[in-house]
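All remarks here apply to the structure that follows.
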RNA sequence: GGACCUGUGGUGCAGCUCGGAGUGCACGCCGCCCUGUCAAGGCGGAGGUCGCGGGUUCAAAUCCCGUCAGGUCCGCCA
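Residue numbers (my numbering): 162 to 739.
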């Protein structure tokens, strides 16, 4: 017995029973998946462990119920002629002359564990420990473990050093809302849980760890979504004496290795696109490249239009294949959706054999009509949707409609990886007229655009880059500012005073005075990557104990009130619920 | 903060438009029968505040209002 899974109680996992010599007497342990009794002389017991199911034959009645924990000792035997079950890995054999030892009795579970029917997620989460016994959760969490191992191996192979950074950190009021931890020893003062190890890893660069990584838990007190939980896991990396291309190379290696481990196929490439191209062609900074419906620019054709609805800086369109059959109410719903996204309206054109069908069709000139009919190679039976507005708005609205009308489920192959580069440094102006940082304020501007920092900040590109998979943002990174003069210039652009910068980031700026190497980094979400590999539509399917959308845990009841004693220790007074 | 969807024995559904007795289906559960089943089979049985509260009505699972829970999305996530 040299099976790695053998223990004092069991010899092997059930899935390996078929690999052993017939006639061997072995013990296996697990849960009763099913009992089938045939009178007082014969009963079958399907025994489940994490590897699968094996059938045990008992020559008599059997006093066990579903989910009892048992140890079965039996003889590995070939199944009789005609009783082979090809649907089981172990279906050619069975355990005979079994002794069944009950290790633990069990009540009937609140839902069936055989996955023949979908079970409401709230019920699954309340009894997550039972849900975890189900095959899909076993597969998902084991897939996740393999991905983690592949990521570690890839970073180790690239000579990165894993360093753990603190969970109790100082408040840095910027970006995502932080989870706050009251201090017992310092009345009225607080730690926060890190939204990411961002500052810590930059300090590690100053500290001479020129290649750092960590599979790091990050916490953000923001509303939850299918792809967002309060706490999530990132592969966090940072390196010194590197460029953007170096970092993209390190990350690509890790992601491709993980993809190969998870799917069995190494992706051929990761495409690259600038942020401006992404917005222009897909109306988003995280394009889903698995399908077409690319945004077309009709501005030139409508430059001199008489139609008021199209008198705008930009006219853009998408083609919806076979969309001409959409009902009027569906088109109205699309228009409402466009308006909800900020558009003044949505123009639709059914493409027919004899021209366009639309309330607006009769107002168009022949050349305008022709331009719409040609969008994206439109043919009769298609629908063309047109938005005329400011460039960014027109792009974003059509990008959202494109996804709503064409996007497959995120985990549906193929897997299309994409680097998006040259993000803008700033996104719009705040109420005081100061530019708003698109990333954190330590992001290095594009060297070609440094001169624009004062004169035209909104045109400044940054050295920031995102990794996208099937329309989900996997992660982002940037080259960091390591020079005090550039950092001061960025803070000035953002309207952050010297005093403010000192109080928020003083320890980082202080560290940079003592010799900061040029450095850059990246972080990407392991939950999202594994969810896509697992074929799941939400990251909850690859997290052992996730929260609901309202941030609650139906199993533990968290969040909960705490006792008067604990409150006193923490110098807190409970809020009155209202 | 907002929009939309869902809530019916333990589980998954149907019933809701168009109000008329908790009606139905599948799985599970309990009991009995069954010596080759594996989505076992046969017979019998238990199990419900139709999420909760209010309103309309002679009458509400069904219509209306509110509320709670779950989900998807917008805002938010530097």
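Note that the Cβ used here is the ideal one computed from N, Cα and C, for glycine as well. Keep in mind that this is a model prediction, so the values were computed, not measured.
**OP:** Can you grab the Cα-Cα spacing for the pair residue 530 / residue 536, in whole Å?
**Re:** Numbered from its first residue, the first chain carries residue 530 at position 369. Numbered from its first residue, the first chain carries residue 536 at position 375. Near 10 Å, if we compare the C-alpha coordinates of residue 536 and residue 530.
Subject >> Sheet register partners of residue 399 (DSSP bridge) >> reply: For the purposes of this step, residue 399 is taken as residue 238 along the first chain, with counting starting at 1. The partner list for residue 399 (beta bridge, DSSP) reads 373, 682.
**OP:** Using beta-carbon positions only, say whether residue 550 and residue 505 come within less than 8 Å of one another.
**Re:** Translated into the one-based positions of the first chain, residue 550 becomes position 389. Translated into the one-based positions of the first chain, residue 505 becomes position 344. In contact: residue 550 and residue 505 (Cβ atoms closer than 8 Å).
Original post:
If we count the other Cβ atoms within 10 Å of its Cβ and call it buried at 16 or more, is residue 273 buried or exposed?
Top reply: Numbered from 1 along the first chain, position 112 holds the residue referred to as residue 273. Per the 10 Å Cβ criterion, exposed.
Subject >> Same chain, Cβ closer than 7 Å to residue 587, five either side skipped, listed in chain order >> reply: Numbered from its first residue, the first chain carries residue 587 at position 426. Leaving aside the five residues that flank residue 587 on each side, the residues in its chain whose CB is nearer than 7 Å to its CB run, in chain order, 596, 597, 598, 599, 618, 619, 621.
Original post:
Under 8 Å between the Cβ atoms of residue 441 and residue 456?
Top reply: As a first step, residue 441 is located in the first chain; it is residue number 280 there, counting from the start. As a first step, residue 456 is located in the first chain; it is residue number 295 there, counting from the start. In contact: residue 441 and residue 456 (Cβ atoms closer than 8 Å).
**OP:** Determine the burial state of residue 443: buried for a count of at least 16 other Cβ atoms within 10 Å of its Cβ, exposed for fewer.
**Re:** Within the first chain, numbered from 1, the residue matching residue 443 stands at position 282. By the 16-neighbour rule on beta-carbons within 10 angstroms, residue 443 is buried.
Original post:
If you run the structure through DSSP and keep just helix, strand and coil, what is residue 602?
Top reply: Here residue 602 corresponds to residue number 441 of the first chain, with the count starting at 1. It is coil, neither helix nor strand.
**OP:** Mind the definition here: the stretch 465-485 touches the stretch 518-529 only if three or more C-beta pairs lie below 8 Å; say whether that holds.
**Re:** By the C-beta criterion, the stretch 465-485 is judged to be in contact with the stretch 518-529, since at least 3 inter-stretch pairs fall below 8 Å.
Original post:
Alpha carbon to alpha carbon, what distance is there between residue 322 and residue 397?
Top reply: Along the first chain, read from residue 1 onward, the residue named residue 397 stands at position 236. Along the first chain, read from residue 1 onward, the residue named residue 322 stands at position 161. Taking C-alpha positions only, residue 397 is separated from residue 322 by approximately 11 Å.
Subject >> contact_flag[the stretch 626-638, the stretch 663-674] where n(CB pairs < 8 Å) is 3 or more >> reply: The way I'd put it, the stretch 626-638 doesn't touch the stretch 663-674; fewer than three beta-carbon pairs between them come closer than 8 Å.
Original post:
What number of angstroms, rounded off, separates the C-alpha of residue 602 from the C-alpha of residue 364?
Top reply: Numbered from its first residue, the first chain carries residue 602 at position 441. Numbered from its first residue, the first chain carries residue 364 at position 203. Their Cα atoms are separated by approximately 15 Å.
**OP:** Give every residue of the same chain whose Cβ lies closer than 8 Å to the Cβ of residue 645, excluding the five residues on either side of it in the sequence, and list them in chain order.
**Re:** In the first chain, residue 645 corresponds to position 484, counting from 1. Taking C-beta separations shorter than 8 Å and ignoring five residues to either side along the sequence, the partners of residue 645 in its chain run 670, 673, 674, following chain order.
Subject >> Inter-residue spacing [alpha-carbon to alpha-carbon] between residue 299 and residue 390 >> reply: Sequence index remark: in the first chain, residue 299 carries index 138 (1-based). Sequence index remark: in the first chain, residue 390 carries index 229 (1-based). Residue 299 and residue 390 have their C-alpha atoms some 20 Å from each other.
**OP:** Please state if the CB of residue 452 and the CB of residue 569 are separated by a distance shorter than 8 Å.
**Re:** As a working note, residue 569 is residue 408 in the first chain. As a working note, residue 452 is residue 291 in the first chain. Yes, Cβ-Cβ distance for residue 569 and residue 452 is below 8 Å.
Original post:
Taking C-beta to C-beta, are residue 214 and residue 244 nearer than 8 Å?
Top reply: Stepping through the first chain from its first residue, residue 214 is reached at position 53. Stepping through the first chain from its first residue, residue 244 is reached at position 83. Cβ atoms of residue 214 and residue 244: not closer than 8 Å.
**OP:** With a cut-off of 8 Å on the beta carbons, I'd call residue 682 and residue 400 a contact; round off their distance for me.
**Re:** For the purposes of this step, residue 682 is taken as residue 521 along the first chain, with counting starting at 1. For the purposes of this step, residue 400 is taken as residue 239 along the first chain, with counting starting at 1. That pair is a contact at about 7 Å.
Original post:
What are the boundary residues of the beta strand (DSSP E) that residue 478 is part of?
Top reply: On the first chain, residue 478 is found 317 positions in, with the first residue counted as 1. First-last of the beta strand (DSSP E) with residue 478: 475-481.
Original post:
Looking only at C-alpha atoms, which of 185, 481, 419 sits nearest to residue 560?
Top reply: Here the question's residue 560 lines up with position 399 in the first chain. Taking only the C-alpha atoms, the option nearest residue 560 is 481.
Original post:
In or out: residue 581 buried (at least 16 other Cβ within 10 Å) or exposed?
Top reply: Locating residue 581 in the first chain gives position 420, counting from the first residue. By the neighbour-count rule (16 or more Cβ atoms within 10 Å), residue 581 is buried.
**OP:** Pull up the distance between the alpha-carbon of residue 417 and that of residue 407, whole angstroms please.
**Re:** One-based indexing of the first chain puts residue 417 at position 256. One-based indexing of the first chain puts residue 407 at position 246. Between residue 417 and residue 407, the C-alpha separation is close to 15 Å.
**OP:** State the start and end residues of the unbroken beta strand (DSSP E) segment that holds residue 214.
**Re:** On the first chain, position 53 is the one that residue 214 refers to. Run containing residue 214: 213-219, per the beta strand (DSSP E) assignment.
**OP:** Measure the CB-CB distance between residue 498 and residue 553 and report whether it falls below 8 Å.
**Re:** As a position in the first chain, residue 498 is number 337, starting the count at 1. As a position in the first chain, residue 553 is number 392, starting the count at 1. Taking 8 Å as the cut-off, the beta carbon of residue 498 is found no closer than this to the beta carbon of residue 553.
Subject >> Residues bridged to residue 196 [DSSP beta-bridge criterion] >> reply: Residue numbering aside, residue 196 sits at position 35 when the first chain is read from its first letter. Beta-bridge pairing by DSSP links residue 196 to 206.
**OP:** For residue 753, name the three-state secondary structure that DSSP assigns.
**Re:** One cannot answer for residue 753 here, as it falls past the ends of the chain, which runs 162 to 739.
**OP:** Please state whether DSSP places residue 253 in a helix, a strand or coil.
**Re:** Residue mapping note: residue 253 aligns to position 92 of the first chain, counting from 1. Reduced to three states, the DSSP call for residue 253 is coil.
Original post:
Hey, which unbroken runs of the beta strand (DSSP E) at 3 residues or more fall wholly within the stretch 518-561?
Top reply: Here the runs fully enclosed are 544-550.
Original post:
Looking at the unbroken alpha helix (DSSP H) that takes in residue 660, where does it start and where does it end?
Top reply: Counting from 1 along the first chain, the entry for residue 660 is found at position 499. First-last of the alpha helix (DSSP H) with residue 660: 659-673.
Original post:
To which residues does DSSP link residue 585 through a beta bridge?
Top reply: Here residue 585 refers to the residue found at position 424 when the first chain is read from its first residue. The partner list for residue 585 (beta bridge, DSSP) reads 622.
Original post:
Among the residues of its own chain, which have a CB less than 8 Å from the CB of residue 221, if the five just before and after it don't count?
Top reply: For this step, residue 221 is matched to residue 60 along the first chain. Closer than 8 Å at the Cβ level, and outside the excluded window around residue 221, lie 201, 202, 203, 204.
**OP:** Going by DSSP, name the residue or residues bridged to residue 379.
**Re:** By one-based count along the first chain, residue 379 stands at place 218. Its beta-bridge partners are 393.
**OP:** Classify residue 471 as buried or exposed, calling it buried when 16 or more other Cβ atoms lie within 10 Å of its own Cβ.
**Re:** Stepping through the first chain from its first residue, residue 471 is reached at position 310. For residue 471, the number of other beta carbons within 10 angstroms of its own is at least 16, and it is reported as buried.
**OP:** Going by CA-CA distance only, name the one from 357, 186, 344 that's closest to residue 731.
**Re:** What you label residue 731 is simply residue 570 of the first chain in a count that begins at 1. Distance check between residue 731 and each of 357, 186, 344 places 344 closest, using alpha-carbon atoms only.
**OP:** Within 10 angstroms of the Cβ of residue 694, are there 16 or more other Cβ atoms? Answer buried if so, exposed if not.
**Re:** Taking the first chain and counting its residues from 1, the one referred to as residue 694 is at position 533. By the 16-neighbour rule on beta-carbons within 10 angstroms, residue 694 is buried.
Original post:
Tell me, which residues are paired with residue 630 by DSSP?
Top reply: By one-based count along the first chain, residue 630 stands at place 469. Assignment of beta-bridge partners to residue 630 by DSSP yields 578, 633.
Original post:
Which one or two residues does DSSP pair with residue 715 in a beta bridge?
Top reply: Position 554 of the first chain holds residue 715. Residue pairing for residue 715: DSSP places it in no beta bridge.
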